[in-house]
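Enquirer: Structure provided below as structure tokens; questions to follow.
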Ligand SMILES: [Zn+2]
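In my numbering, the protein residues as written are 269 to 533.
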């Protein structure tokens, strides 16, 4: 774990990158900010989490860091020990955690639930949607630390790195670390309702677009050519053929559209 700070005093804001070692976009954004060392209006902590996994360019060394919070200092696995140290490091900080996916190119935000902070800040980020994990947050950092996660784009892509930089700066502006104004936009909110399992197979396909409604009866994915059909309509989220080992992704319901005050007239 690498920890740095810009500005003096005790930070209440943190930016977190590299929770997953095969998602370098956030690390680049953090490194760029550290090189620039902008003048800040309040201090911010910058943390690069899983350096061991980043060096090896793998999602994790022993197990998925974002499934093992709160962690354990005496655990056998690298990620459980790291989770414990991360919680200590981020305690008291509203944390902006940058990820990337194999499922969707446009940025979106992921929160535990839509509280006042999320409802105020997420419409100021350049994201196309906000996702509430609610019952599917177990083991994630957001169960321990007040966290806004963002998915910045396709893993390893140049556009994900650029998005991470834009997202991080919009967040830091919205919370008053960086000077200036943000742009607000209307933001659709989705809530995860189910995991979408996948059977062991050699090849997987996904036929649907994330955040676009799948109607009941429609085939949405296949394992070795065997189609899976939707029992009822749902919105796919984080769904991809090979992004996760044993699930395609998640099913969600659409809740509401948060209207930005500027766009309300
Ligand atoms: Zn990730």
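Every residue gets a Cβ at the ideal spot worked out from N, C-alpha and C, and that includes glycine.
Suppose only complete runs of 4+ residues qualify. What are the alpha helix (DSSP H) ranges in the stretch 349-432, listed by chain order?
Expert: Fully enclosed alpha helix (DSSP H) runs of 4 or longer: 384-389.
Enquirer: When the Cα atoms are used, what is the spatial distance from residue 531 to residue 286?
Expert: Only weak support exists for where residue 531 lies, its pLDDT of 45 falling under 50; the value from the coordinates is given anyway. About 34 Å.
Enquirer: Would DSSP call residue 494 helix, strand or coil?
Expert: Note: residue 494 maps to strand in three-state DSSP.
Enquirer: Just the Cα atoms here: how many angstroms apart are residue 464 and residue 425?
Expert: Those two C-alpha atoms are separated by around 26 Å.
Enquirer: Please report the Cβ distance between residue 516 and residue 489, rounded to the nearest whole angstrom; I am assuming they are in contact, meaning their Cβ atoms lie under 8 Å.
Expert: So it is a contact: roughly 5 Å between Cβ atoms.
Enquirer: Quick check: what's the CA-CA separation for residue 289 versus residue 487?
Expert: Cα-Cα distance, rounded: 33 Å.
Enquirer: Taking the alpha-carbon positions, what's the residue 453 to residue 359 distance?
Expert: Rounded to the nearest angstrom, the two C-alpha atoms are 30 Å apart.
Enquirer: Please confirm whether any heavy atom of ligand 1 lies closer than 7 Å to the CB of residue 334.
Expert: Yes, Cβ of residue 334 sits closer than 7 Å to a heavy atom of ligand 1.
Enquirer: Hey, could you find the ends of the beta strand (DSSP E) residue 267 is sitting in?
Expert: With the chain represented from 269 up to 533, any question about residue 267 goes unanswered, as that position is not in the structure.
Enquirer: What distance in whole Å lies between the Cβ atoms of residue 317 and residue 362, which are believed to be in contact at a cut-off of 8 Å?
Expert: About 17 Å; that fails the 8 Å criterion.
Enquirer: When you compare the stretch 412-419 with the stretch 367-383, are there three or more beta-carbon pairs, one atom per stretch, that lie closer than 8 Å?
Expert: Touching, yes, given that three or more Cβ pairs across the two stretches are closer than 8 Å.
Enquirer: For residue 343, which residues from the same chain have a beta carbon less than 6 Å from its beta carbon, with the 5 sequence-adjacent residues on both sides left out?
Expert: Within the same chain, residue 343 has close Cβ partners 349.
Enquirer: Helix, strand or coil, according to DSSP, for residue 335 in the structure here?
Expert: DSSP places residue 335 in helix when its eight states are reduced to three.
Enquirer: Thinking C-alpha only, which one of 305, 295, 296, 309 is nearest residue 277?
Expert: Nearest option by C-alpha distance: 309.
Enquirer: Counting Cβ pairs closer than 8 Å, one from the stretch 426-433 and one from the stretch 402-411, do we hit at least three?
Expert: Short answer: they don't touch.
Enquirer: Measuring CB atoms only, is the stretch 474-483 touching the stretch 496-503, in the sense that at least three cross pairs come out at less than 8 Å?
Expert: Flag = yes, the stretch 474-483 and the stretch 496-503 touch.
Enquirer: I'd like the list of long-range same chain contacts for residue 459, defined as Cβ closer than 7 Å, with 5 residues on each side in sequence excluded.
Expert: Cβ neighbours of residue 459 beyond the five flanking positions: 400, 402, 520, 521, 523.
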